[in-house]
Each structure stands twice: as C-alpha cells, then as structure tokens.
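*Asks:* Each number in our numbering corresponds to the 1-based position in the sequence shown with 61 added.
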Amino acid sequence: MRPLDVMSLSLRTTALRAERPTMRELAAMPWIQLFASPACNLRCPYCSSPANWRRMSQPDNIDAVDALQKPEVLELVERIPPTSFYLSGGEPLIHPGVEAFVSRAIACGHVVSFDTNLCVPVERLAALFDVWDPVRIGFVNVSHHIAAGITFEYLAKRVDVVRERRLPHFVKYIGAPEDFSQIDALMPRWRDAGTGTALTILQGDWQGRRLPEENTLDEVLFILGRVTLGVHGLQLFNGIQSHGMPCRGGQDYICYNMDGRMRVIPCCCASAFPGPLHQTFFCTGSRTLLPCPTATCRGDNMFIFDINGVAEEADRFEAICAGRSEPLGLEGAIAFIRDIEGRGYEVTNKDKLERVAAAVAGRRSVATSAQ
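1. Hey, how far is the Cα of residue 417 from the Cα of residue 246?
2. To which residues of the same chain is residue 297 closer than 8 Å at the C-beta, ignoring the five residues directly before and after it?
3. Quick check on the burial criterion: 16 or more other C-beta atoms within 10 angstroms. Buried or exposed for residue 292?
4. Between the alpha carbons of residue 179 and residue 203, how many angstroms are there, rounded?
5. Can you tell me whether residue 329 is buried or exposed, with buried defined as 16 or more other CB within 10 angstroms of its CB?
6. Kindly indicate which residue of 144, 129, 170 has the alpha-carbon position closest to the one of residue 158.
7. Between which two residues does the alpha helix (DSSP H) holding residue 224 run?
8. When the distance is taken between beta carbons, is residue 421 closer than 8 Å to residue 402?
9. Pick from 379, 295, 150: whose alpha carbon is nearest that of residue 400?
10. What first and last residue would you give for the alpha helix (DSSP H) that runs through residue 401?
11. Give the C-beta separation of residue 212 and residue 258 to the nearest angstrom, bearing in mind that I take them to be a contact with Cβ-Cβ under 8 Å.
12. Count the other CB atoms within 10 Å of the CB of residue 351; is the residue buried (16 or more) or exposed (fewer)?
13. Look at the alpha carbon of residue 132 and the alpha carbon of residue 201, and state the distance between them as a whole number of angstroms.
14. Take the Cβ of residue 419 as the centre, count every other Cβ of all protein chains shown within 10 Å, and call the residue buried at 16 or more, exposed below.
15. Do residue 193 and residue 172 come within 8 Å of each other at the CB atom, strictly closer than that value?
16. Tell me whether residue 425 sits in a helix, a strand or coil according to DSSP, three-state version.
17. Nearest CA to the CA of residue 143: which residue from 105, 181, 185, 92?
18. Who are the Cβ neighbours of residue 102 in its own chain at under 8 Å, not counting the five residues just before and after it?
19. Give the secondary structure of residue 131 by DSSP, where H, G and I count as helix, E and B as strand, and everything else as coil.
20. What do you get for residue 220, buried or exposed, if any count of 16 or more other CB atoms within 10 angstroms of its CB means buried?
21. Using only the alpha-carbon positions, how far apart do residue 260 and residue 384 sit?
22. Consult DSSP for residue 271 and reduce its assignment to one of helix, strand or coil.
23. Can you tell me whether residue 233 is buried or exposed? The criterion is at least 16 other CB atoms within 10 Å of its CB, across all chains shown.
24. Taking DSSP as the reference, what is the three-state secondary structure of residue 286?
25. Taking the straight line between their C-alpha atoms, what separation do you get for residue 186 and residue 150?
26. Consult DSSP for residue 297 and reduce its assignment to one of helix, strand or coil.
27. Just curious, the alpha helix (DSSP H) that residue 163 is in, first and last residue?
28. Less than 6 Å between C-beta atoms, sequence neighbours within five positions excluded: which residues of the same chain meet that for residue 255?
29. Rounded to whole angstroms, what is the Cα-Cα separation between residue 80 and residue 88?
30. Ignoring anything shorter than 3 residues or poking outside the stretch 229–261, list the beta strand (DSSP E) runs there in chain order.
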C-alpha cells in the first residue's frame, strides 16, 4: 500500500467543514457504496441470500472478515477526493473493521453513512458513534425488520443513541404484505417520536409469488400510498431506464456520479466491495455501461437524491432525516413518476404503471362523486 501522505492528510483534515454537509451537498459528492459485511445478525424470512450470509460470515473467509481493511481499499480512501461512502450489508456495524475504517475515512475528509438494522448492543453502538466525528456522518438508515421479531421498543432504545448524537436518521420498513397492518401502525409512532420513516418494497420470491412483479393491485396501492420518497414508488414498476439501462435503483447514482454525472458503472453490490477498485473509481478505467452482474441486486433499496436530475429528492430526504416524513400519497406518488417522464425518462414496467394510475384515477372519481 502506498504510504499515506501525512502533510496532504493534515491539510485535508484541517480544511474539513465544522458542520455536516447538507443533503444537497452530500448528493453532489461522488458516491461509493461499500457492501461492508455480507454477514448479518438477523434471520429475516424474506432474505434472498441466507446461504451467502452464512458462507461469508465464516471466520476462515478472509474477504468477509477483512474487507474494510484490505490494502487496496485503504489506499483508495487515502487517495481519492472527498467522497460519500455508504456502508451497507448484511450488517456493517458487526464488521470487525468498521471502527477503524470509518475513523480513517473521516480523517481523510470523507463522509460516511450507514444502512443498518442497528441490532447491536446499546453500549457497543454508543461506543462506535462516540469515536466518530458526528459532522462527518451523513445519515443513518435504520431498517426495522419486524419480520425477524424486532420490536418497536427494542429498536427505539438504539435509535435514541443515534438521536442523542444528533445524527440525521430515519427508520425504513420493507413492505412484506403480511406486515402491512403493523407497518401502518408503527410509521406514525416513529414520526411522533421525531424520527422520519420510509417504506420500500420486498423483492424476490415470497410465499409462492415473485415480488414486486406479483404484488396485487391493493398491495401496490398500499405501498405507493405510504412511500415518503418517490424513488420507492419507482421500485414498484422496476425502476427507471437509466441511460438506457434498466435498473430499479438507478445504478449510476448508487455508486458513482462523477464527470458531470454523465457516466455509469455497475454497482456490483452483491460483492464484498466494489471492484476492480483501481479500474473503476477516480482512475483511468473505461467507465463504460456494463450489465448488472447479479439477478439479485439489492441496490434498489438505496435512496436516489439526484441521478442526472432524474430524482431530485435531496430536500425531501433531508426533511425525512429531520423527522418530517409525511407520505406523498397515491396521487403525489403518481405525479412524481409523471414528472420523471417529463424529463425524458420512463419506468421499466410501463404497462403496470398505467394500470395503477388508472386505478388511482378511478378512486379519485369515486371520492369526488361521493362528495
């Protein structure tokens, strides 16, 4: 690994802002998603990769144990300009290298955000967030896996640790159909407690159906009527055609938005970390459009702030992270998608969108007639 340029790091660290970047500023930074831990400390019944979680969490699997301490990863962190790192998983907070990696990234001028189930001991959680400079934490995306038996009260104790440190955060639910009634009851409880919420889709084979493709109309309307970010509505229709590439999450946003946000690389979020690093990020790689290498891409669960002006949601996302997360509503969600179309993009499953839009219009007509 190339030795760290101490003088350069000192100048970079000195130049760090004393306050956290706004979400709009964060959205404008280059982004790298690191699949920080293929292991997970929960056993959610809807997880599509239980075999992979078990295999990757074995002690003799060096890729799983040391991914965040690999020399090429650390060298990249030291060399590249200020970047937004998004640590997802599995569960990144159980990764043995997470404390050192985040500390190093922050020292090098980067911002780090987390996609976490937050289900680690409260004492461990507090110790981690006390080590890291809070203004270099972008946001904490807390997934509440009620299907794994995690209660509101259990998670609230851990969310309190995040809230006490004034870290932007929100609680996200996955729309498993049998959990809809609980989700409906819990989202207002979080908002009443000052924590914003989000509702995203369940993806994959579930109880004999392929979701979201085979969600019933009522299930689609439930989810669509409760999303707090329009991008989660896009997921129900298999996302958008981004630069001609179908991707539910907006592949060009998730990992990379450099060069005027006009180029796209595969996010490869099914691997332990993006690669090949030196041919992909901030280097001389081809940066050409490539097909997604996995049929079980989990990148659609990420938020899209501003992919080439397609999904301009930074301000709304900032409000959600501050505890203000009113749903878009059915008509608002459809209007968001129509706005995307007006910018020259379209959802991948256009036929499904039109069926749902017709159903929403029908409900509006019935309501109007009733009045």
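Note that CB positions come from ideal geometry on N, CA and C, so glycine has one too.
What you are looking at is a predicted structure, and each value in this text was computed from that prediction instead of being measured.
*Replies:* According to the structure shown:
1. 24 Å
2. 262, 273, 276, 281, 284, 285, 413, 417
3. Counting other Cβ atoms within 10 Å of its Cβ, residue 292 reaches 16 or more and is therefore classed as buried.
4. 6 Å
5. In this prediction, residue 329 has a pLDDT of 40, which is less than 50 and means its spatial position is unreliable; what the coordinates show is noted afterwards. It counts as buried.
6. 129
7. 213–225
8. If you check the CB distance, residue 402 and residue 421 do not come in under 8 Å.
9. The option with the nearest alpha carbon to residue 400 is 295.
10. 391–403
11. The C-beta distance from residue 212 to residue 258 rounds to 16 Å, too long to fall under 8 Å, and the pair is not in contact.
12. Note that residue 351 scores a pLDDT of 48, beneath 50, so its modelled location is shaky; the value from the coordinates is reported in the next line. It counts as exposed.
13. Their Cα atoms are separated by approximately 26 Å.
14. Here residue 419 is exposed, its C-beta having fewer than 16 other C-beta atoms within 10 Å.
15. no
16. Here residue 425 sits in helix by DSSP.
17. Closest in C-alpha terms to residue 143, from the list 105, 181, 185, 92, comes 92.
18. Cβ contact annotation for residue 102 (same chain, cutoff 8 Å, sequence separation greater than five): 152, 155, 178, 180, 181, in chain order.
19. coil
20. Under this definition residue 220 is a buried residue.
21. 14 Å
22. strand
23. buried
24. coil
25. 17 Å
26. coil
27. 159–168
28. Excluding residues within five positions, the ones whose Cβ falls inside 6 Å are 384.
29. Taking the straight line from one Cα to the other gives about 16 Å.
30. Counting whole runs of 3 or more residues, the stretch 229–261 contains the beta strand (DSSP E) stretches 230–236.
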